[in-house]
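Engineer:
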Ligand SMILES: [Fe+2]
């Protein structure tokens, strides 16, 4: 705890563009513990920062969470950008007091996929639910290099949220070219996601939050963890979307 306080103290006065907007734009400011956790992680990654993007989406925040934590959607929704990607072995979730992480294998089929230039055909990816507002995807590439994608979400209203995407990497590649490629890839994946997000938004999120409690699907373990921690708040009709989420005390942690 002391080490964490020292680290957080050292963050004061340092500018981090995304977090500055994240704080200013918050209709409901994230719980201080969550903000501390996000600040610390983004500070750890700061020197590898490549691009930032932000979007206001007329979609409930819970739909974005469901989408990002649903591993299967990488195969089914991102058929074009992640051409031929298959989800392989999925590990067991490692819970934390306010989230959790899961590792899973992804395999690219032999094809003219640009990703094949940077990554091995089969790699183990890690998805981390840092807080109910921050999710990170860690993608290893060749020679102990990796790409980290951090998604921060802010509920703006019951049916709208702001999505911040920050991409980091220690890959050795000309930075301006890499930035252009990542900006294009990020726009493309969001474009692919929009019909899926809209479909989720027209459904009944409270129903799939309830259904997830009894689900045993490997691909939804992290969303199940999210529901375990924050589901009771989300099931209140007036609270969908714009809500400050605090974890339910969890005897397992
Ligand atoms: Fe997606």
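In my numbering, the protein residues as written are 390 to 642. For every residue, glycine included, the Cβ atom is placed at its ideal position computed from N, Cα and C. Owing to the predicted nature of the structure, the values given are computational and were not obtained by experimental measurement.
Please go through the same chain and pick out, in chain order, the residues whose beta-carbon is closer than 8 angstroms to the beta-carbon of residue 604, but skip the five residues on each side of it.
Structural biologist: By 1-based counting over the chain shown, the position of residue 604 is 215. These residues qualify, in order along the chain: 613.
Engineer: Between the alpha carbons of residue 458 and residue 615, how many angstroms are there, rounded?
Structural biologist: Working through the chain shown from its first residue, we reach residue 458 at position 69. Working through the chain shown from its first residue, we reach residue 615 at position 226. Each residue's alpha carbon lies about 9 angstroms from the other.
Engineer: Would you say residue 410 and residue 555 are within 8 angstroms of each other, going by their C-beta atoms?
Structural biologist: Numbered from 1 along the chain shown, position 21 holds the residue referred to as residue 410. Numbered from 1 along the chain shown, position 166 holds the residue referred to as residue 555. No. Outside cutoff.
Engineer: Got a sec: does ligand 1 put a non-hydrogen atom nearer than 7 angstroms to the Cβ of residue 368?
Structural biologist: The requested residue 368 is not part of the displayed model; the chain covers only 390 to 642.
Engineer: Within 10 angstroms of its Cβ, does residue 640 collect 16 or more other Cβ (buried), or is it exposed?
Structural biologist: The residue given as residue 640 occupies position 251 in the chain shown. Note that residue 640 scores a pLDDT of 41, beneath 50, so its modelled location is shaky; the value from the coordinates is reported in the next line. Per the 10 Å Cβ criterion, exposed.
Engineer: What is the rounded straight-line gap between the Cα of residue 515 and the Cα of residue 621?
Structural biologist: Stepping through the chain shown from its first residue, residue 515 is reached at position 126. Stepping through the chain shown from its first residue, residue 621 is reached at position 232. Computed Cα separation, rounded: 27 angstroms.
Engineer: Report the CB separation of residue 427 from residue 550 in whole angstroms; it is logged as a contact under 8 angstroms.
Structural biologist: Taking the chain shown and counting its residues from 1, the one referred to as residue 427 is at position 38. Taking the chain shown and counting its residues from 1, the one referred to as residue 550 is at position 161. The pair is not a contact, with the Cβ atoms about 15 angstroms apart (cut-off 8 angstroms).
Engineer: Can you find at least 3 beta carbon pairs, one from the segment 482-492 and one from the segment 439-451, that sit closer than 8 angstroms?
Structural biologist: With a cut-off of 8 angstroms, the segment 439-451 and the segment 482-492 do not count as touching, because too few Cβ pairs lie within range.
Engineer: Please state whether DSSP places residue 622 in a helix, a strand or coil.
Structural biologist: Taking the first residue of the chain shown as 1, we reach residue 622 at position 233. In this structure, residue 622 counts as helix in the three-state DSSP scheme.
Engineer: Roughly how many angstroms lie between the CA atoms of residue 524 and residue 469, to the nearest whole one?
Structural biologist: As a working note, residue 524 is residue 135 in the chain shown. As a working note, residue 469 is residue 80 in the chain shown. When rounded, the distance between both Cα atoms is 23 angstroms.
Engineer: Taking just the CA atoms, how far does residue 596 sit from residue 510?
Structural biologist: As a position in the chain shown, residue 510 is number 121, starting the count at 1. As a position in the chain shown, residue 596 is number 207, starting the count at 1. Going by the C-alpha atoms only, they are around 37 angstroms apart.
Engineer: Could you say which of 445, 544, 494 lies nearest to residue 463 if we only look at CA atoms?
Structural biologist: The count along the chain shown starts at 1 and reaches residue 463 at position 74. When only C-alpha atoms are compared, the closest one is 494.
Engineer: For residue 441, which of helix, strand or coil comes out of DSSP?
Structural biologist: Working through the chain shown from its first residue, we reach residue 441 at position 52. It is a strand residue.
Engineer: Check whether the segment 525-535 and the segment 557-575 touch, using three or more Cβ-Cβ pairs below 8 angstroms as the test.
Structural biologist: As far as the Cβ criterion goes, the segment 525-535 touches the segment 557-575, which means the pair count is three or higher.
Engineer: Locate the beta strand (DSSP E) running through residue 550, then write down its first and last residues.
Structural biologist: On the chain shown, position 161 is the one that residue 550 refers to. From DSSP, the beta strand (DSSP E) with residue 550 extends over 549-558.
Engineer: Spatial neighbours of residue 541 within its chain, please: C-beta separation below 7 angstroms, excluding the five flanking residues on both sides.
Structural biologist: Numbered from its first residue, the chain shown carries residue 541 at position 152. Within the same chain, residue 541 has close Cβ partners 407, 411, 427, 522, 523, 553.
Engineer: Per DSSP, what kind of secondary structure is residue 575 in: helix, strand or coil?
Structural biologist: Translated into positions along the chain shown, residue 575 becomes position 186. The answer is helix: DSSP assigns residue 575 an H, G or I state.
Engineer: By the DSSP assignment, the beta strand (DSSP E) with residue 371 in it spans what residues?
Structural biologist: Not covered by the structure: residue 371. The range shown for the chain is 390 to 642.
Engineer: Does DSSP classify residue 587 as helix, strand or coil?
Structural biologist: For this step, residue 587 is matched to residue 198 along the chain shown. Residue state, collapsed to three classes: helix.
Engineer: Tell me, please, which residues DSSP counts as bridged to residue 448.
Structural biologist: By one-based count along the chain shown, residue 448 stands at place 59. In the DSSP output, where bridge partners are listed per residue, residue 448 has none listed.
Engineer: Mark residue 583 as exposed unless 16 or more other C-beta atoms lie within 10 angstroms of its C-beta, in which case mark it buried.
Structural biologist: Within the chain shown, the letter at position 194 stands for residue 583. Residue 583 comes out exposed.
Engineer: In angstroms, rounded to a whole number, what distance separates the CA positions of residue 445 and residue 481?
Structural biologist: The count along the chain shown starts at 1 and reaches residue 445 at position 56. The count along the chain shown starts at 1 and reaches residue 481 at position 92. Those two C-alpha atoms are separated by around 33 angstroms.
Engineer: Quick check on the DSSP output: what are the complete alpha helix (DSSP H) runs of length 4 or more inside the segment 467-503, in order along the chain?
Structural biologist: You should have found no qualifying run.
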